[in-house]
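Residue numbers (this note's numbering): 288 to 444.
Structure, rendered in structure tokens:
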């Protein structure tokens, strides 16, 4: 079954992520948008959590101002008890917004953004269960692009 089949929300291919913290702790998250899909504005998230038996709706990440179809990524450390960090490209494309999920935080908490001078064009991460969790993105640098990164392992201690 499609886990979001009962919702009537719009999302796009790069706007979802999956993170397995344990066999009984799997999170599927997607960024959904208001309007026609060409709008910029506050976007919401939908999250489903697998407990080893079934999928269920989870407490949602904090809504984020983001452009449509700009992507998202989730990373976690080797110690899955430390939770995970979600990254999205902020509206206007000049910052990366971060949120952290953990059981000790009792859900999602917004973290300070990573401000950038140049426009961000793509976003990815090292994935879940990484020995050194980090996000990578491309920025427009004149007529070329530069690959940038942020190590977020310090957030998952």
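Where a beta carbon is used, it is the ideal one built from N, C-alpha and C, also for glycine.
When you compare the segment 353-363 with the segment 389-397, are there three or more beta-carbon pairs, one atom per stretch, that lie closer than 8 angstroms?
Too few Cβ pairs lie closer than 8 angstroms, so no.
Local Cβ density within 10 Å of residue 418, reported as buried at 16 or more and exposed below that
To locate residue 418, count along the chain shown from 1; it is residue 131. Using a 10 angstroms sphere on the CB of residue 418, the tally of other CB atoms stays under 16, which defines it as exposed.
Using the C-alpha atoms, what's the distance from residue 421 back to residue 318?
Numbered from its first residue, the chain shown carries residue 318 at position 31. Numbered from its first residue, the chain shown carries residue 421 at position 134. Roughly 20 angstroms separates the two Cα atoms.
Let me check understanding here. Comparing Cα to Cα, which of 376, 408, 403, 369 lies closest to residue 307?
Locating residue 307 in the chain shown gives position 20, counting from the first residue. For residue 307, the nearest C-alpha among the options comes from 369.
Within 10 Å of its beta-carbon, does residue 324 have 16 or more other beta-carbons around it, so buried, or fewer, so exposed?
Here residue 324 is taken as the residue at index 37 of the chain shown, counted from 1. Interpretation of residue 324 is limited by its pLDDT of 48, a score under 50 that renders its predicted location unreliable; the figure taken from the coordinates is listed afterwards. Burial call: exposed.
Considering Cα atoms alone, identify which of 408, 431, 429 is closest to residue 423.
Walking along the chain shown from the start, residue 423 turns up at place 136. Considering only alpha carbons, the answer is 408.
Would DSSP call residue 368 helix, strand or coil?
Position 81 of the chain shown, counted from the first residue, corresponds to residue 368. Here residue 368 sits in helix by DSSP.
Shortest alpha-carbon distance to residue 405 belongs to which of 397, 415, 380?
On the chain shown, residue 405 is found 118 positions in, with the first residue counted as 1. Of the listed residues, the one whose Cα sits closest to residue 405 is 380.
Give the secondary structure of residue 412 by DSSP, where H, G and I count as helix, E and B as strand, and everything else as coil.
Translated into the one-based positions of the chain shown, residue 412 becomes position 125. Residue 412: strand per DSSP, three-state reduction.
Between which two residues does the beta strand (DSSP E) containing residue 346 stretch?
In the chain shown, residue 346 corresponds to position 59, counting from 1. Premise fails: residue 346 is in no beta strand (DSSP E) and is neither H nor E.
Of the listed residues 311, 401, 365, 358, nearest to residue 440 (C-alpha basis):
In the chain shown, residue 440 corresponds to position 153, counting from 1. The candidate whose alpha carbon is nearest that of residue 440 is 365.
Per DSSP, residue 384 forms a beta bridge with which residues?
What you label residue 384 is simply residue 97 of the chain shown in a count that begins at 1. DSSP output for residue 384 lists 375 as bridge partner(s).
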